[in-house]
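Under my numbering, think of the first position of the sequence shown as -15, with each following residue one higher. Note that beta-carbon positions come from the ideal geometry of N, C-alpha and C, so glycine has one too. Here the structure is a predicted model, which is why all the values come from computation and not from measurement.
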Amino acid sequence: MNNTINFAHRGASAACPENTMAAFRKGLELGATGIETDVQMTLDGGLVLIHDESLNRTTDRSGLVKDLTLSEVLEADAGSWFGAEFAGERIPALEELLDLLQGRDTILNIELKNGTYLYPGMEEKLIAAVREYGMSERIVLSSFNHYSLAYCKSLAPEIRTGILYGEGLYRPWDYAASLQADALHAYHLAVLPEFVAEASEHGIVYHPWTVNDPERMKTLIEAGVAGIITDVPDVLAGLLASKGV
């Protein structure tokens, strides 16, 4: 039986403002078995869930996360840009999502957004929070900053890591193994069935992103990917149910 993980990308981001508690709850409601989110760090060391380095695109405030305190970031309205009914939604602190997932089997993929700004100390803080909540076995840490992923693995060998990349990586399963990573988080068009099979032989799984087309979902499911990252978890849930997986 194929237990393909249905990762709601930034929550159910087609239905709700991305990376808000509304989006995470909606993702679970729509059948997601995993949540994908992004973490940045505030001026005073708070871990917050927002994709961009700045608040400009998804809130009523401006400025870089790294230059604002946790309280300043949490005051921003992160919902109104998406729709009036979401006015007052906030950028969550990491702990809010960890609280939501307590007592569930949901897999949480946390992307460290430390490619543009390195956020010194973020890896330690993130791992400490995951361990405090007893969630190490249900976490996958990913990043385009592969130095950071290698560092995370050295700090917490028990927590899975996933190599984020776009395309053109030669024998990515070998590269993942060199970093002691567990998964490949590849742009979905860079994922071929023969790659999935080869990676599996080396103990590496694929979690492609971001897949919203049902036909592409079917192809990837049939190829044997371990998870799919999508904005529309309800569509993926329906496909998985119809295939009995």
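Cβ pair residue i, residue j closer than 7 Å
| i | j | result |
| --- | --- | --- |
| V189 | I212 | no |
| G208 | V175 | no |
| Y63 | A221 | Before going further, note that residue 63 is Gly rather than Tyr in the sequence given. Not in contact: G63 and A221 (Cβ atoms no closer than 7 Å). |
| D166 | R144 | yes |
| V124 | G146 | yes |
| G152 | Y171 | no |
| A(-4) | A7 | yes |
| L84 | Y117 | no |
| L204 | P217 | no |
| D61 | L27 | no |
| L168 | P156 | yes |
| S127 | L148 | yes |
| I111 | L92 | no |
| M201 | L173 | no |
| E142 | S120 | yes |
Residue i, buried or exposed, once every other Cβ within 10 Å from all chains shown has been counted against 16
| i | result |
| --- | --- |
| T(-12) | buried |
| K97 | buried |
| T100 | exposed |
| E79 | exposed |
| K10 | buried |
| Q164 | exposed |
| H(-7) | buried |
| E95 | buried |
| T214 | buried |
| T53 | exposed |
| N40 | exposed |
| V57 | buried |
| F(-9) | buried |
| Q24 | buried |
| M(-15) | Residue placement at M(-15) is poorly supported in this model, since its pLDDT is 42, which falls under 50; the coordinates are not used for a value here. |
| G228 | exposed |
| K270 | No information on residue 270 is available, as it lies outside the stretch -15 to 229 that the chain covers here. |
| E199 | exposed |
Simplified DSSP assignment, three categories, for residue i
| i | result |
| --- | --- |
| H186 | coil |
| T203 | helix |
| E37 | coil |
| V219 | helix |
| M106 | helix |
| H191 | coil |
| E151 | coil |
| E73 | coil |
| S120 | helix |
| I143 | coil |
| S127 | strand |
Below-7 Å beta-carbon distance, residue i vs any chain B residue
| i | result |
| --- | --- |
| R9 | Looking at the structure shown, chain B is missing, and only one protein chain is on hand. |
Original post:
When the Cβ atoms of the region 28 to 35 are set against those of the region 67 to 78, are three or more pairs found closer than 8 Å?
Top reply: yes
**OP:** Mind the definition here: the region 37 to 51 touches the region 5 to 22 only if three or more C-beta pairs lie below 8 Å; say whether that holds.
**Re:** no
Original post:
Any contact of the region 62 to 73 with the region 100 to 119, i.e. 3+ C-beta pairs under 8 Å?
Top reply: no
Original post:
Which runs of the alpha helix (DSSP H) spanning at least 4 residues fall entirely within the region -15 to 42, listed in chain order?
Top reply: Annotation: the region -15 to 42 contains the following complete segments of the alpha helix (DSSP H) (minimum length 4 residues), in chain order: 5 to 13.
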